[in-house]
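Data first, discussion second: the structure below is written as structure tokens.
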Amino acid sequence: MVPMIRAASLRGFVALVDGLGGDAEALLARFGVASSALESDEGLIPITANDLVLDSAAAELDCPDLGLRLAEAQDLSILGPLAVAIEASSTVAEALRLASRYMFVHSPALSVGVGADPYGSPGVVALTYRKDPRESPYSPQATELGLGLFQRVALALVGTPSGLRSVEIPHQPLSPVERYTAFFGVDVRFGRPEGALRVERRVLDERFATADETIRELAAAHLADTYADPGRAVSTQVKRALAGTLGTAPPALSGVARLLAVHPRTLQRRLAAEGTTFEAVLDEARREAAHRYITTTALPLGQVAALVGFSEQSTLSHAVHRWYGTSPRALRRAPFGDGGPGRSGLSR
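Per full-length UniProt numbering, residue 1 is the first one in the sequence shown, and the count goes up by one each step.
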């Protein structure tokens with residue numbers, strides 16, 4: 001299944017684009033997103049289309065800080081039911097644990113967490129923001145939107161910028177560096193291994209004025225009862241294992257079982273209990289990878305075939321026709337065709 005994200009992620013996009021003189025509805029349509037899908041925060045849209053819309057709008061409207069502008073128009077509420085649990089948390093650490101556990105409700109391709117400081121500074125930790133590259137290509141504008149919103153939410157809940165040391169951004173600056181420092185209020189470093197906010201460890205113990213244990217417990221129970229974590233499904237684990245090895249080794253049940261530390265027959269039984277098979281999961285992993293390479297990069301189709309584990313380009317052509325009822329070249333032209341944004345740059 002193509003990774004999705006809640007439509008709330010584009011809250012404010014239409015007004016921003018139209019205000020810049022663009023045609024938001026036409027832009028969304030070009031990437032297969034109906035404008036009506038944004039009428040409800042609870043709607044779901046493909047995360048790759050979501051991100052391509054952002055990168056394309058920024059390039060075409062000559063608005064390199066589009067992601068940061070959109071972050072200024074959003075708040076914690078875009079996370080829907082997860083926002084209630086976060087706001088009612090007692091401390092930053094507790095809120096981050098909940099966000100890490102339930103971020104899949106917003107999008108299974110995104111994650112936040114707490115890690116070691118990349119520079120090894122004592123008393124400093126990294127609040128990380130990541131998108132799984134196996135699920136969707138890297139997007140500069142979506143990354144800036146995510147980090148910008150991450151910082152704004154933290155400030156809204158804690159009430160002070162004290163403790164923020166620097167902001168780490170994986171790509172090179174899209175706007176003048178002064179724009180970033182004005183937005184974040186601290187040093188911003190580019191070309192870093194992952195997106196993160198570096199903060200003093202004491203910040204994790206900061207208490208929220210909005211803390212309410214009863215509401216937090218109710219909200220967490222609602223999340224646990226209502227939403228199933230796709231990451232815990234055996235089929236998802238198998239697909240991720242396959243995504244990491246496609247094109248480098250022949251996909252085999254025995255190899256994936258070894259990676260997951262189970263017997264092949266046990267893995268087959270667990271997949272059957274979820275109503276699927278190894279062959280079906282492999283086909284889905286290939287379909288998603290092929291779609292991503294074809295629609296977001298300019299890689300030769302022969303290379304795409306190899307990357308998804310096919311020995312011949314003709315095998316890829318037959319598979320694409322079975323999956324989408326069209327040829328790889330036609331798929332490349334629509335909906336992300338017409339020289340879409342960042343053909344090579346978004347394949348990271």
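Glycine included, every Cβ here is placed at the ideal spot set by N, Cα and C.
Note that the structure is predicted; figures quoted are calculated from it, not measured.
Residues that DSSP places opposite Glu-200 in a beta bridge: Val-124
Taking Cβ to Cβ, would you say Leu-147 is nearer than 8 angstroms to Gly-195? yes
Looking only at its own chain, which residues have a Cβ that is under 8 angstroms from the Cβ of Leu-155, when we skip the five neighbours before and after it? Pro-161
Could you tell me how far apart the beta carbons of Ala-285 and Ala-249 are, in whole angstroms, since I believe they sit closer than 8 angstroms? About 13 angstroms separates the two Cβ atoms, so there is no contact after all.
At which residues does the alpha helix (DSSP H) containing Glu-72 begin and terminate? 66–72
Counting only runs of 4+ residues fully inside the segment 160–239, write out the alpha helix (DSSP H) ranges in chain order. 177–184, 213–226
Rounded straight-line distance, which links the Cα of Thr-297 to that of Arg-333: 11 angstroms
Pick helix, strand or coil for Ser-36, following the three-state DSSP scheme. helix
Based on Cα-Cα distance, which residue from Ala-252, Ala-221, Pro-133, Leu-70 lies nearest to Thr-277? Ala-252
Asp-117 beta carbon less than 8 angstroms from that of Val-125: yes
Quick check: Asp-205 and Ala-49, are their CB atoms within less than 8 angstroms of each other? no
If distances are taken between C-alpha atoms only, which option among Met-4, Ser-77, Pro-64, Leu-54 comes closest to Val-14? Leu-54
Under 8 angstroms between the Cβ atoms of Gly-22 and Ala-58? no
Consult DSSP for Ser-111 and reduce its assignment to one of helix, strand or coil. strand
Taking the alpha carbon of Glu-200 as the point to measure from, which residue in Met-4, Pro-328, Gly-115, Ser-314 has its own alpha carbon closest? Gly-115
Assign Leu-311 to one of two classes, buried (16 or more other C-beta atoms within 10 Å of its C-beta) or exposed (fewer than that). In the sequence under discussion, the amino acid at residue 311 is Ser, which differs from the Leu named in the question. Label assigned to Ser-311: exposed.
Going by C-alpha to C-alpha distance, which of Tyr-324, Leu-174, Arg-189 sits closest to Arg-69? Leu-174
I believe Ala-142 touches Gly-67 by the beta-carbon criterion, under 8 angstroms. Please report the beta-carbon distance rounded to the nearest angstrom. 7 angstroms
Give the secondary structure of Arg-292 by DSSP, where H, G and I count as helix, E and B as strand, and everything else as coil. helix
Leaving out five residues on either side along the sequence, give the residues of the same chain with a beta carbon under 6 angstroms from the beta carbon of Ile-215. Ala-88
Using the Cβ count rule (16 or more neighbours within 10 Å means buried), how would you classify Gly-339? Since pLDDT at Gly-339 reaches only 35, below the 50 mark, its modelled position is unreliable, and the value read off the structure follows with that caveat. So Gly-339 counts as exposed.
According to the Cβ coordinates, are Glu-288 and Val-2 closer than 8 angstroms? yes
Going by DSSP, which residues form a beta bridge with Thr-266? According to DSSP, which records beta bridges pairwise, Thr-266 is partnered with nothing at all.
Mapping DSSP to helix, strand and coil, what is Arg-343? Unreliable positioning characterises Arg-343 in this predicted model, as indicated by a pLDDT of 38, which lies under 50. A coordinate reading is not provided.
Can you tell me whether His-263 is buried or exposed? The criterion is at least 16 other CB atoms within 10 Å of its CB, across all chains shown. exposed
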